[in-house]
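Trainee: Residue numbers (my numbering): 193 to 968.
Sharing a structure below in structure tokens format, with a few things to ask.
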């Protein structure tokens, strides 16, 4: 009997049941896919780190090293399991040609050439095997494969006036240290014989002083030990936690947004389900009263109705999970490319299955909650009245005779929404959620693509950024460039900064390293979360993560070792920085050229940017010159590409939701209003007038929802992006909104969709006549 009832009910309300089925299915699909992305990302990154034998601590150093000193220190340190020092030849992009006649002049990447390591920190191919190349062959980072669409057999040439060497691309590199685009260094693998040819002939040598620890949990302790030693440290130091963070960032962000969209779709499904249940109760009100009147228990009646929603929930979640299994690789394309896939574990299958059916469980639980209304149905009232009378409204409110502003049809449409708003609540909330689904990814994408995003990277806004690579005589070169720019009439403003490593004394009284950018911040400055720019020699500004770890706020003192003397610096400002692990500082103190790691010059010019960049590239050797937009595109390109795909998918999903929900709601509404429509037609109301009333109803609900949805998306979306980037050092992100796309194009598309869907959905009013109305 239950099967017959189930079949009859599903066929009777097939359109709205199909819509609920689709939403639950999509929700289960995205939930399983997002969950699997997070599990696979974590497992694959860990597996890559294991195969590559990733070091737990790496000190990059420009200059000579004493390996004997390093060996002796390592042997005496109980934390050290293995130590390895490897050489990397850094070559400017102007001397590198990757399958092109055009040099890599505008790259923001530090390009290094290495031979395969012997002990650990292995560079792997796309099969996660240790790369071996023959003389004349080269393995290129995946980053360049993606950006330049490279294939095995393509050529790479290194050339300057005195040296030329040509390579054939043999393979592509998975580099556990430098895979992500946000890390602005990349390693190319060459044969040892080619490495020896290049060494001392071209480029500059940088050392990677790497350590594997006996107990990885003691990284912080080891970092302090290294900083207090006399070992080389002319360059950044990076540890295992930062490697893990940067390798997980892009795909982790995408997975989080996919799961968010899944949850929003599930909310839409629950709203539709509530609408179905209440509609069914209203239609079957008399029959329910009869069953209760003859002694059928409320719980048994609920079981009959619950069986339908149990079937919908389980079948749609099962279909969603099966589709996920078919398209599983599509969710994981980027992860599998950059990290490969770890051996499958039981949790990789079970957890996505569990989360998919958690969607079904939520639907079933919600159905049980709504079906409690059966307990309130009185058999006598149900049999006598034949329908639920709880939704009666005062028709005298909003009288047409009092309307002086709007046309009669528009007024009647608005009046109906206001008098029966509980009926329209499903459409209202769904429109809010679809607005959220469209606006949040759009704002995410626009924020990360915007040139203003540099404010969260600890970089001042400027037209051009110059970054001097370390070479012999870099200090003299730095001064020469400043002099040249000072005499350039096209330069409106220039700011020169040196970032050096200093010792800082933490809360425990131990010294640790911190990178302090020095210079005059009066012209080129970052935006501060709190406080202001350091001006005096005893003032300092800290990045958000540095301030958090040191437990410092505005006005607190920070002991810094400057010129071998302890100086108490007052914290005047706290800013956001998602580069270099989020730990940095700024101070207006003399530059420490002996321990300098970066030399930067920011420019604002009054001429064509591309022309000035080409001019400076021709004049200044070993200098990376790029505009800010290009810098962002190269460092965050992978994240931007992933967000582009996700934003497109979110918009498509939202469009489908809008069309389906608007259509099924209006068809149901017309079925309920059939008698009223027939009466209006019989007294001479034109079909066009009735259509205007229904379009007004849909648009009024939509416009109100767009306003609330946009405000909600701006507030909650900003908090969500802040939460994600807070792990990198940004504690307060302000959405950079494109008003044309977010406030004009998106609402306009939604309005057009609703108008067209409404016109198609209400076409049946032509066929409604008084003779169709049953009078009881």
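Each residue gets a CB set at the ideal place from its N, CA and C atoms; glycine is no exception.
Enumerate, from N- to C-terminal direction, the unbroken beta strand (DSSP E) stretches of 3 or more residues contained entirely within the region 325-403.
Mentor: 329-333, 347-351, 356-365, 377-382
Trainee: Mapping the DSSP letters down to three states, classify residue 611 as helix, strand or coil.
Mentor: Annotated three-state conformation of residue 611 is helix, per DSSP.
Trainee: Alpha carbon to alpha carbon, what distance is there between residue 430 and residue 253?
Mentor: 12 angstroms
Trainee: Enumerated in chain order, which unbroken segments of the alpha helix (DSSP H) with a length of 4 residues or greater are wholly contained in the region 411-464?
Mentor: 411-419
Trainee: Evaluate the contact criterion for the region 398-411 versus the region 340-356: three or more CB pairs, one atom per stretch, below 8 angstroms.
Mentor: no
Trainee: Compare the C-alpha of residue 835 against each of 390, 749, 434, 636 and name the closest.
Mentor: 636
Trainee: Going by DSSP, what residues sit across from residue 268 in a beta bridge?
Mentor: Residue 268 is not bridged to any residue.
Trainee: Using the beta-carbon count (16 or more within 10 Å), is residue 225 buried or exposed?
Mentor: Of the residues assessed, residue 225 falls on the buried side of the cut-off, its CB having 16 or more other CB atoms within 10 angstroms.
Trainee: If you draw a straight line from the alpha carbon of residue 274 to that of residue 263, how long is it in whole angstroms?
Mentor: 10 angstroms
Trainee: To the nearest whole angstrom, what separates the beta carbons of residue 653 and residue 820, a pair I think is in contact under 8 angstroms?
Mentor: 7 angstroms
Trainee: Looking only at C-alpha atoms, which of 361, 761, 776, 438 sits nearest to residue 767?
Mentor: Selection 361, 761, 776, 438 evaluated against residue 767 yields 776 as nearest (Cα-Cα).
Trainee: For residue 749, which residues from the same chain have a beta carbon less than 8 angstroms from its beta carbon, with the 5 sequence-adjacent residues on both sides left out?
Mentor: 760, 761, 762, 763
Trainee: Is DSSP giving residue 942 helix, strand or coil here?
Mentor: helix
Trainee: Taking the beta carbon of residue 422 as the centre, do at least 16 other beta carbons fall within 10 Å, making it buried, or is it exposed?
Mentor: exposed
Trainee: Of the residues 785, 818, 651, 357, which one's Cα is nearest the Cα of residue 713?
Mentor: 651
Trainee: Here's the rule I'm using: 16 or more other beta-carbon atoms within 10 Å means buried, otherwise exposed. How should residue 756 be labelled?
Mentor: exposed
Trainee: What whole-angstrom Cβ distance do residue 160 and residue 240 have, given they're in contact under 8 angstroms?
Mentor: This structure gives no information on residue 160, because the portion of the chain shown stretches from 193 to 968.
Trainee: Hey, how far is the Cα of residue 461 from the Cα of residue 597?
Mentor: 38 angstroms
Trainee: Do residue 504 and residue 849 have their C-beta atoms closer together than 9 angstroms?
Mentor: no
Trainee: Answer with buried or exposed for residue 724, where buried requires no fewer than 16 other C-beta atoms within 10 angstroms of its C-beta.
Mentor: exposed
Trainee: Hey, residue 716 and residue 689: beta-carbon distance below 9 angstroms or not?
Mentor: yes
Trainee: For residue 531, which residues of its own chain have a beta-carbon under 8 angstroms away from its beta-carbon, when the five flanking residues on both sides are left out?
Mentor: 233, 236, 237, 239, 240, 366, 371, 439
Trainee: Is the CB-CB distance between residue 942 and residue 900 below 9 angstroms?
Mentor: One thing to note: residue 942 has its Cβ no nearer than 9 angstroms to the Cβ of residue 900.
Trainee: Of the residues 890, 220, 389, which one's Cα is nearest the Cα of residue 858?
Mentor: 890
Trainee: What is the rounded straight-line gap between the Cα of residue 556 and the Cα of residue 501?
Mentor: 7 angstroms
Trainee: Rounding to the nearest angstrom, what Cα-Cα distance links residue 482 and residue 563 in this structure?
Mentor: 17 angstroms
Trainee: Could you give the distance in angstroms between the alpha-carbon of residue 518 and the alpha-carbon of residue 512?
Mentor: Taking the straight line joining both Cα atoms gives about 10 angstroms.
Trainee: Taking the C-alpha atoms as reference points, what is the distance between residue 373 and residue 301?
Mentor: 9 angstroms
Trainee: Report the three-state DSSP secondary structure of residue 861 (helix, strand or coil).
Mentor: helix
Trainee: Rounded to whole angstroms, what's the CA-CA distance from residue 578 to residue 870? Just pull it up for me.
Mentor: Note that residue 578 has pLDDT 49, beneath the 50 cutoff, so the model's placement of it is unreliable and the number below is only indicative. When rounded, the distance between both Cα atoms is 21 angstroms.
Trainee: Could you give the DSSP three-state label for residue 701: helix, strand or coil?
Mentor: coil
Trainee: Taking only the alpha-carbon atoms, compute the straight-line gap between residue 765 and residue 730 and give it to the nearest angstrom.
Mentor: 13 angstroms
Trainee: What does a CB cutoff of less than 7 angstroms around residue 738 pick up in its chain, not counting 5 residues either side in sequence?
Mentor: 706, 775, 776, 777
Trainee: Quick check: the Cα distance between residue 846 and residue 455, rounded to an integer number of angstroms?
Mentor: The straight-line gap from Cα to Cα measures roughly 13 angstroms.
Trainee: For residue 251, write down the residues that DSSP places opposite it in a beta bridge.
Mentor: 401, 429
Trainee: What residue range is occupied by the uninterrupted alpha helix (DSSP H) comprising residue 762?
Mentor: Here residue 762 belongs to no alpha helix (DSSP H); instead the beta strand (DSSP E) covers 757-767.
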